[in-house]
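A.B. asks: Chains as they are written, first to last, in this note's numbering: chain A, 21 to 249; chain B, 910 to 1366.
From the three backbone atoms N, C-alpha and C, an ideal C-beta is built for every residue, glycine too.
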Amino acid sequence: MSKLLNANGIHKSYPMGQTKLKVLKGLSLSIEKGEFVAIIGSSGSGKSTLLHILGALDKCDKGMVEFKGRDIETYSGAEFNRFRNLKVGFVFQFYHLLDELTMLENVLLPTMARAGTFGWISARKPAKKRGIELLDRMGLADRIKHKPYQLSGGERQRVAIARALMNDPELLLADEPTGNLDSATGVGILEALEAFNKQGQTIVMVTHDDRIAARADRTVRLADGKIVK
Amino acid sequence: MYKVILPARYLFKRRIAILAILAVALCVFMVVVVMTVMRGLLQDFREKNHNFFGDCIVSSQSLVGFTYYEDFIKQLEEQDFVEAVSPVINAVGIMSMPGSDLNDAKTLTGIDPARHIKVTNFAETLHYRKSDPQKAFVPTYDPEKVGCVPGIDMVYLRNSSGGYSHGLEPMPIELKISCFPLTARGNLLNSGMGSPVNTKNFFYSDDSHSGIVKIDSNTVYLPFGRLQSLCGMGGKNPRASAIHIKFAKGFPVTNGTAKVTSLWKVFAKKYETQAATSSEQTYATLMDNVVVESWKGYRRSAIAPMEKEQAMMTLIFGMLGIITVFIILVVFYMMISSRSKDIGILKSVGISTTSVVGIFIVFAGFIGCIGTAIGMSAGCAMLVRINSIEDWLFDKYNWQLWDRSIYAIGDIPNKIEWQMLTIIGTCAVVACLVGAIIPSYQAARREIADTLRVDQL
């Protein structure tokens, strides 16, 4: 397996009144291609912060994140956007779907962003086909025209996974994907992630639940801003 | 594509967007109605002045007037850019009515109706002699008598609908007009030889309704020759106060005025150099007081306050425009603040800051266009019916926007000018875009992780 992502000496702190709250304290992590890694830690241990930094949704104060050997700090603004659009897919604990769009439109959003207004004319048909296929795989073929508020939490999270995979990213980052769901629904989501991983999808998942983390290939434990295991 | 879909969905899903549309519509409605009416009033006033005074006026700034006016008129009539010319006497006199206490200082204007109607719309201002304006000074009840045409507000009281109640024939009213005749040097003509005042009786033959309040309430028109002799301006070297000129159709007033100015300079110079005797030198000196002006320049003291008023209105509406921008800014700030999660989602899938700003700019454009369309439609509908609405209000509640017994306006001006609508519409849409740019840009620049944090939701 080749190295896909490498984080080295990551520091991150947040201002808290007069002082700074140090969340990550020189953390290092490496992700191989095709791996399913679970990052586990208690609430406030910096799991989500780490995931945001790995996915270029946030910046670290110190340290370096390399994606396929290149420091993402050297990316230009447009390269950052391309990275978020094509290289990584994000699944959030609270799904983060746009309420005004239908399920299919939410799934198509990354491709719309990639194609632009005029490019969408030619990209629309194949994108729609892939979007419907993904929703079908997630068991939501009959819900494509529904709005987020018409779906259950589990269904929304499946849509969020479909959206994250729409542009076929090399890395899928999932931030507590089952954290807001009951255990049965959570298991369904995990099964879906496992299925994608079996097809070669690299997944990094954050969770605070040891049982969920156990389903990953590798578990990384986070405590006091550092990796302990 | 999301740049169109998302703003369109925001538009119909958010109540605040509807409120923003209404705010824009109200502003546009107000500006369209008030600016159209104000502009119409000013244009109407300008037109009335233009029609009533002709295109260009050669006038003396002295009550004495100037000589050789007929020579200059002849010269003007030879010019192909001149359509018609009319000499005019302007004087001040006392008007009294025999057998009554009426005694008032009035502006006296001496005209030759046959010539004056070719230069101005004097004929249209008459009531009884409208179809035969050359006989304006011939009373219908006694053609042998010498008539006069007072301004309508001197004869009748305007009613609440802005009209006057004329009888079938003019009333046989006798008016006594007294003037102080002046010599060419500006002295009283009869000083030391009896009364310095010339008095003549005239009979009300018609009235003039120019629509210019100051003229309709203060001017009495008299036959040119009669007023000339009353003012001591007749005789061997007759004088006139002004020459009113109408240019050929389509000839620009500015160009015509410039041409008349240069003609006058040459004309005056000729008489100045030819003047040999002392009296000829006096007549030549009178020409120094003569100025050539376009109708607008001649009437600037009357038009300027209205133009100033319109400039003030434009300024006020400019400020209203700034307030609109501020309202839109506040509305957008509120809307965008509540959409910060959406901004985070959009940026997390790789949409750039510029594109996020673009979404809100398109949204602002939708609000601006829809608000403008509603405001303009409502404004135009209001303008089309403004007079019937006012009539209804007057019938039902006895209320008028402008009391017609006080203000000399007929219908409320409601001519819709597409050029003005285009400017207002463009400004409204631009105001919306300007109002949206700052909050959109500020929100779009926020860190993604900050906008997606759970406590921000």
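Show which residues of chain B have a CB atom less than 9 Å away from the CB atom of ALA182(A).
C.D. replies: Within chain B, no residue comes near ALA182(A); the closest Cβ sits about 12 Å away, beyond 9 Å.
A.B. asks: Keeping to the same chain, check which residues put their C-beta closer than 6 Å to that of GLY1284(B); ignore five residues upstream and five downstream.
C.D. replies: Excluding residues within five positions, the ones whose Cβ falls inside 6 Å are ALA934, VAL937 and PHE938.
A.B. asks: Using a Cβ cut-off of 8 Å (strictly closer), state whether PHE3(A) contacts chain B.
C.D. replies: Nothing about residue 3(A) can be reported from this structure: the residues present for chain A run from 21 to 249 only.
A.B. asks: Please classify ASP1364(B): does DSSP put it in a helix, a strand, or coil?
C.D. replies: The predicted position of ASP1364(B) is uncertain, since its pLDDT is 49 and thus under 50; no value can be drawn from it.
A.B. asks: Tell me which residues share the same chain as PRO1048(B) and place their Cβ nearer than 6 Å to its Cβ, disregarding the 5 neighbours each side in the sequence.
C.D. replies: LYS1054, GLY1056, PHE1112 and SER1114, listed in sequence order.
A.B. asks: For ALA929(B), I'd like the list of residues in its chain whose CB is within less than 6 Å of its CB, leaving aside the five on either flank, ordered along the chain.
C.D. replies: Closer than 6 Å at the Cβ level, and outside the excluded window around ALA929(B), lie VAL1240 and ILE1276.
A.B. asks: LEU1195(B) to PHE954(B), Cα distance in whole Å?
C.D. replies: Answer to the nearest angstrom: the Cα atoms are 32 Å apart.
A.B. asks: Could you tell me whether the Cβ atoms of ILE998(B) and LEU1136(B) are closer together than 8 Å?
C.D. replies: In contact: ILE998(B) and LEU1136(B) (Cβ atoms closer than 8 Å).
A.B. asks: Does the beta carbon of HIS116(A) sit closer than 8 Å to a beta carbon anywhere in chain B?
C.D. replies: Interface residue, yes.
A.B. asks: Go ahead and pull the three-state DSSP assignment for ALA926(B).
C.D. replies: Three-state result, ALA926(B): helix.
A.B. asks: At the level of alpha carbons, what is the spacing between GLY1144(B) and SER1138(B)?
C.D. replies: Rounded to the nearest angstrom, the two C-alpha atoms are 8 Å apart.
A.B. asks: Mind listing the chain E neighbours of ASP1251(B)? Cutoff is C-beta to C-beta under 7 Å, in chain order.
C.D. replies: In the structure shown, chain E does not exist; the protein chains are A and B.
A.B. asks: Closer than 8 Å, Cβ to Cβ, to anything on chain B: give me those residues from the segment 102-136 of chain A, in chain order.
C.D. replies: Residues passing the 8 Å Cβ filter: ARG102, PHE103, ARG104, ASN105, LEU106, PHE110, PHE112, GLN113, PHE114, HIS116, LEU117, LEU118, ASP119, GLU120, LEU121, GLU125, LEU129, PRO130, MET132, ALA133, ARG134 and ALA135.
A.B. asks: Identify whether VAL1199(B) lies in helix, strand or coil by the three-state DSSP scheme.
C.D. replies: Strand at VAL1199(B).
A.B. asks: According to DSSP, simplified to helix, strand and coil, what is GLU190(A)?
C.D. replies: Note: GLU190(A) maps to coil in three-state DSSP.
A.B. asks: Which residues in chain B have a C-beta closer than 8 Å to the C-beta of ASP78(A)? List them in chain order.
C.D. replies: GLU1356, ILE1357 and ALA1358, listed in chain order.
A.B. asks: Taking the runs of the beta strand (DSSP E) that are 3 residues or longer, which of them lie wholly in the segment 1143-1213 of chain B?
C.D. replies: The qualifying runs are 1151-1156 and 1199-1203.
A.B. asks: Cα-Cα, which of ALA184(A), ARG90(A) and ILE73(A) is closest to ASN126(A)?
C.D. replies: Comparing Cα positions, the closest option is ALA184(A).
A.B. asks: Considering only C-alpha positions, which residue in the set PRO1147(B), ASP1010(B), VAL1200(B) and ALA1193(B) is nearest to VAL1169(B)?
C.D. replies: Looking at the Cα atoms, VAL1200(B) is the closest of the given residues.
A.B. asks: Is the beta carbon of LEU242(A) less than 8 Å from the beta carbon of ILE73(A)?
C.D. replies: No, the pair does not count as a contact, with Cβ atoms beyond the cut-off.
A.B. asks: The alpha helix (DSSP H) spanning HIS72(A) covers which residue range?
C.D. replies: Counting along the chain, the alpha helix (DSSP H) containing HIS72(A) begins and ends at 67-74.
A.B. asks: Within the 8 Å Cβ cut-off, does GLY66(A) reach chain B?
C.D. replies: By this cut-off, GLY66(A) is not an interface position.
A.B. asks: Would you mind giving the Cβ-Cβ distance between LEU1302(B) and TRP1311(B), rounded to the nearest angstrom? I have them listed as a contact below 8 Å.
C.D. replies: Going by Cβ atoms, the distance from LEU1302(B) to TRP1311(B) rounds to 12 Å, so no, they are not a contact pair.
A.B. asks: Pull up the DSSP beta-bridge partners for CYS1057(B), would you.
C.D. replies: DSSP lists TYR1113(B) as partners of CYS1057(B).
A.B. asks: Who are the Cβ neighbours of ASP1125(B) in its own chain at under 8 Å, not counting the five residues just before and after it?
C.D. replies: Result list for ASP1125(B): GLY1060, ILE1061, ASP1062, MET1063, SER1117, HIS1118, SER1119 and ALA1317, in chain order.
A.B. asks: Whose Cβ in chain A lies nearer than 7 Å to the Cβ of MET910(B)?
C.D. replies: The answer, in chain order, is MET132, THR137 and TRP140.
A.B. asks: How big is the Cα-Cα spacing for GLU1189(B) and PHE1156(B)?
C.D. replies: Spanning the two alpha carbons is a distance of roughly 31 Å.
A.B. asks: Would HIS72(A) pass as an interface residue toward chain B - the criterion being a Cβ-Cβ separation below 8 Å?
C.D. replies: For HIS72(A), the answer is yes, since a Cβ of chain B falls inside 8 Å of its Cβ.
A.B. asks: Closer than 8 Å by beta-carbon distance: list the chain B residues that pair up with SER37(A), in chain order.
C.D. replies: Reading off the sequence shown, one finds Gly at residue 37(A), where the question assumed Ser. Chain B residues near GLY37(A): none, gap ~16 Å exceeds 8 Å.
A.B. asks: Tell me the rounded alpha-carbon separation between TYR1073(B) and THR1016(B).
C.D. replies: Answer to the nearest angstrom: the Cα atoms are 22 Å apart.
A.B. asks: On the CB-based measure, 16 or more other CB atoms within 10 Å of its CB, does TYR1207(B) come out buried or exposed?
C.D. replies: Buried.
A.B. asks: Which residues of chain A have a Cβ atom closer than 8 Å to the Cβ of SER1297(B), listed in chain order?
C.D. replies: Chain A residues near SER1297(B): none, gap ~44 Å exceeds 8 Å.
A.B. asks: Can you have a look at ILE30(A) and say buried or exposed, based on whether 16 or more other CB atoms are within 10 angstroms of its CB?
C.D. replies: Flag for ILE30(A) reads buried.
A.B. asks: If you measure from the beta carbon of SER33(A) to each beta carbon in chain B, is any gap under 8 Å?
C.D. replies: No - not a single Cβ of chain B is within 8 Å of the one on SER33(A).
A.B. asks: Along chain B, in chain order, which residues have C-beta atoms closer than 8 Å to that of GLY97(A)?
C.D. replies: Neighbours of GLY97(A) on chain B, chain order: SER1261 and THR1262.
A.B. asks: Is ASN1096(B) helix, strand or coil by DSSP?
C.D. replies: If DSSP states are grouped into helix, strand and coil, ASN1096(B) belongs with coil.
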